[in-house]
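Everything on this sheet refers to the single structure shown next.
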Amino acid sequence: MLVPNAPLFFGGLLLGYHRDAVAAAWRRLRFHRAADVAAVVAALTVGVLHARGWRELAPLGDFLTAGAPDEPLWARESEMPIGPLLGVMLFMRAGWIIADRLYQPLRRTLGWLLLPLGEAALFTFVAHLVAIPVFYNLPGFPLDDDVSTVTATLWVAAYLASILLAVHLRRHVIGWLRSGDSARAWVRRHGPAAAVAALCVGLLVAGADPDGQAGRWREGEREEEFFDEDEFEETDDEDASVQLGSAGAEP
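Just so you know, we're using my numbering here: the sequence shown kicks off at 114 and counts up by one.
Here is the structure:
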């Protein structure tokens, strides 16, 4: 069966390959400037609504965030609900416009972070897939939304730092492998296949059902979310027997 995200992936590659022609065709439209301004304003509005917990427009939040984040990786990557897709499209367009118009100041201020990630975009994406389950299962990682802004910012900074470290490490490893050496030549020939095999195994483990055997690294903490011991301790045995008796009397 055709995986739903495959046409989107190859469609994105096709658009990227013909980006100059697509950009020229877009600029020929009369309303392209207004559409770009609307995209940036809409992205900023959605960002504010998300930061406020969708209190003002809860139905919109449900539409744009469809799909539970604790679903298995293969399910999230194959179902592709329309709401999150539209949200991603909006933010990608707004991000492109901002980067295009403000390239020089962005390069001076954030180039040290954004350029290495962009130059190794595919590796960055793969590292991101691996880093998510690793951080999710780290001791002390907040599993609920009741976390302070400072704590959340520190965790996000640590996450980005790990991705950036992996990108720079990859650059040094590639430079080391390209130097002439028989052993390094053997690694250059056989290393990619071994890396792909290891990646496939890692993604299978990382994308497993969080409630299954491969995702129970923090089983104790997850169970606390579903079971409240005090609630069971306060149950009156007599009341419980009456309720069970009345339930058993139903035909």
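Ideal placement from N, C-alpha and C gives every residue a C-beta, glycine not left out.
Boundaries of the alpha helix (DSSP H) around Ser275: 262-291. Within the same chain, and ignoring the five residues on either side of Arg297 in sequence, the residues whose Cβ sits closer than 6 Å to its Cβ are Leu290. Taking a cut-off of 8 Å for Cβ pairs, the segment 246-257 and the segment 198-208 do not touch, as fewer than three such pairs fall below it.
Excluding the 5 residues flanking it on each side, Arg283 has same chain C-beta neighbours closer than 8 Å at Ala233, Phe236, in chain order.
C-alpha of Ser292 to C-alpha of Leu278: approximately 22 Å in a straight line.
Taking the Cα positions, Thr264 is about 11 Å away from Ala271.
A Cβ-Cβ distance of about 28 Å is found for the pair Val153 and Ile245, leaving them out of contact under the 8 Å criterion. Rounded to whole angstroms, the separation of the alpha carbons of Val247 and Gly315 is 11 Å. With respect to the 8 Å criterion, Pro197 and Thr178 are classified as neighbours on the basis of their beta carbons. The Cβ atoms of Val280 and Pro229 sit closer than 8 Å to each other.
Straight-line spacing of the CA atoms in Tyr130 and Ala240 works out to 24 Å.
Burial state of Ala207 is buried, judged by a 10 Å Cβ sphere holding 16 or more other Cβ atoms. When secondary structure is reduced to three states using DSSP, Thr178 falls in the coil class, being assigned neither helix nor strand.
Per DSSP, reduced to three states, the secondary structure at Glu169 is coil, with no helix or strand assignment.
Note on Ile276: 16 or more other CB atoms within 10 angstroms of its CB, so buried under the neighbour-count rule.
The three-state reading of DSSP puts Gly315 in helix, counting H, G and I together. Counting only runs of 3 or more residues that sit fully inside the segment 215-257, no beta strand (DSSP E) segment turns up. For Leu162, the secondary structure class from DSSP, reduced to helix, strand or coil, is helix.
In the three-state reduction of the DSSP assignment, Met193 falls in the coil class.
Excluding sequence positions up to five before and after Leu142, its CB lies within less than 8 Å of the CB of Ala148, all in the same chain and listed in chain order.
In this structure Val159 is buried. Its beta-carbon is surrounded by 16 or more other beta-carbon atoms within 10 angstroms.
Annotation: Pro194 to Trp299 spans about 44 Å, alpha carbon to alpha carbon. In the three-state scheme derived from DSSP, where H, G and I count as helix and E and B as strand, His131 is classed as coil.
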